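Notes to accompany the following structure.
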Amino acid sequence: MLVAANWKMNGSKVANETLIKGVIAGFSDAESVNNDVAICPPFVYIDSVGQLLADSEVRLGAQNVSHLEIGAYTGEVSPSMLKDMACRYVIVGHSERRSLYAEGDQLVAQKFVSVTKQDLIPILCVGELLEEREACDTNDVIARQLDAVIDLAGIENFKNAIIAYEPVWAIGTGKTATPKQAQEVHEFIRLRLARHDVAIANDIRILYGGSVNANNAQDLFSMADIDGGLIGGASLIVDDFLSICKAMR
Ligand code: PGA
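When we follow the working numbering, the leftmost residue of the sequence shown carries the number 1387, and every step to the right adds one.
In structure tokens, the structure reads:
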């Protein structure tokens, strides 16, 4: 399983050091044998957080990336730069990128491809809006978001990828999907991938994200198709994040 912290636009040099030291101190090697933990700080802290994590089992990730490799693209960060900074994971297609920065399915698919080309592990986020769930369109939305990436990247590029199901109505709202609601969508995602490759579908880790906290993590992680979590708010509090990590099966 994997628990990944998405710090979003939070942190400072001082706060990061306190948080990371607390996480590392509370995280024994024994717990990490079959499970992975990652932290995705803002770009500007990638280097310093990477140094703080260097001797630990906790891996480094990024929250976003350019779909391009090099050149005159002011403000962008390329996959090879992230690789250079020893990142392992890159979140692509987070709903905040999709809704606030107009990233469409095609751009998300291009980012996914550029990440896999550098042998980084994409964490591809998919999820429906509240109105889409209420209109019973959840599966259609998830299928559209997934298919755009499968079409461009090819199913074989999912071998070393992770998917995060994040219902948009559950992100930062304190409203978590029930374990049953989440499981239904996770199963749907696995079946959608299995149309192309059963082995890849069975092996891929599908994380749940959206108001995961110390109290609900265990119930969510106990579901058959939930293989960990992408954690926003609760990843900023040492004890809460550690409790979530310890809830991994
Ligand atoms: P949240 O965010 O845990 O604060 O709901 C999750 C995410 O956006 O990845």
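Note that the Cβ used here is the ideal one computed from N, Cα and C, for glycine as well. No experiment lies behind these values; they were computed from the predicted model shown.
Nearest to residue i (by Cα), restricted to the options the options
| i | options | result |
| --- | --- | --- |
| A1472 | N1450, T1460 and L1446 | L1446 |
| D1605 | I1590, A1633, I1592 and A1458 | A1633 |
| W1393 | V1400, V1584 and P1427 | P1427 |
| G1560 | V1527, A1448 and N1602 | N1602 |
| D1441 | F1413, V1527 and I1617 | F1413 |
| E1514 | G1615, I1630, M1609 and G1595 | G1595 |
| V1554 | V1512, L1506 and R1474 | V1512 |
| R1483 | S1621, V1451 and I1410 | V1451 |
| E1403 | L1622, A1390, D1626 and A1488 | L1622 |
| D1626 | M1395, L1405, A1401 and V1400 | L1405 |
| K1497 | N1543, I1425 and K1566 | N1543 |
| D1583 | M1395, I1536, D1523 and M1467 | I1536 |
| A1391 | K1399, H1453, V1435 and V1400 | V1435 |
| S1481 | A1556, Y1459, E1462 and L1439 | A1556 |
Own chain residues within Cβ distance below 7 Å of residue i, not counting five before or after
| i | result |
| --- | --- |
| A1416 | Low per-residue confidence applies at A1416: pLDDT is 44, beneath 50, and the placement is therefore not dependable enough to give any value. |
| G1619 | G1558 |
| D1611 | Q1569, H1572, E1573, R1576 and I1592 |
| G1397 | P1427, P1428 and Y1431 |
| A1529 | R1578 |
| T1524 | E1514, E1518 and V1571 |
| L1628 | V1409, G1412 and F1413 |
| E1489 | G1479 and R1483 |
| M1395 | P1428 |
| Y1459 | S1452 |
Nearest-angstrom Cβ-Cβ length linking residue i and residue j, presumed shorter than 8 Å
| i | j | result |
| --- | --- | --- |
| D1491 | Q1437 | Not a contact, Cβ separation roughly 36 Å. |
| K1469 | Q1504 | 5 Å |
| D1433 | L1388 | Not confirmed; about 23 Å, so no contact. |
| V1499 | L1538 | 6 Å |
| A1534 | V1494 | 7 Å |
| V1409 | V1598 | That belief does not hold up - the Cβ atoms of V1409 and V1598 are roughly 16 Å apart, past 8 Å. |
| L1616 | E1552 | 6 Å |
| V1400 | I1425 | No, V1400 and I1425 are not in contact; Cβ-Cβ is about 16 Å, not under 8 Å. |
Beta-bridge partners of residue i, as assigned by DSSP
| i | result |
| --- | --- |
| A1448 | V1476 |
| V1535 | In DSSP, V1535 forms no bridge with anything. |
| D1441 | Its beta-bridge partners do not exist; DSSP assigns none. |
| Y1551 | V1512 and Y1594 |
| Q1422 | Contrary to the premise, residue 1422 reads as Asp rather than Gln in this sequence. Answer is L1388. |
| I1630 | Answer is none; I1630 lacks a bridge partner. |
| I1406 | Bridge partners of I1406: none, in fact. |
| I1507 | Y1475 |
Neighbourhood of residue i by C-beta, 6 Å cutoff - its chain only, sequence neighbours within 5 removed
| i | result |
| --- | --- |
| I1509 | Y1475, I1477, I1548 and A1550 |
| G1479 | V1494, L1510 and C1511 |
| V1527 | E1514 and E1518 |
| C1631 | V1389 and V1423 |
| D1613 | M1387, R1591 and I1592 |
| P1462 | At residue 1462 the sequence reads Glu, which differs from the Pro that was named. Cβ within range, chain order: S1452. |
| L1516 | W1555 |
Neighbourhood of residue i by C-beta, 8 Å cutoff - its chain only, sequence neighbours within 5 removed
| i | result |
| --- | --- |
| I1541 | L1579, H1582, D1583 and I1586 |
| E1455 | S1464, P1465, S1466 and S1500 |
| D1589 | K1545 |
| L1439 | I1406, I1410, I1425, R1445 and L1446 |
Every unbroken alpha helix (DSSP H) inside the segment 1591 to 1626 [4 residues or more]:
1603 to 1607
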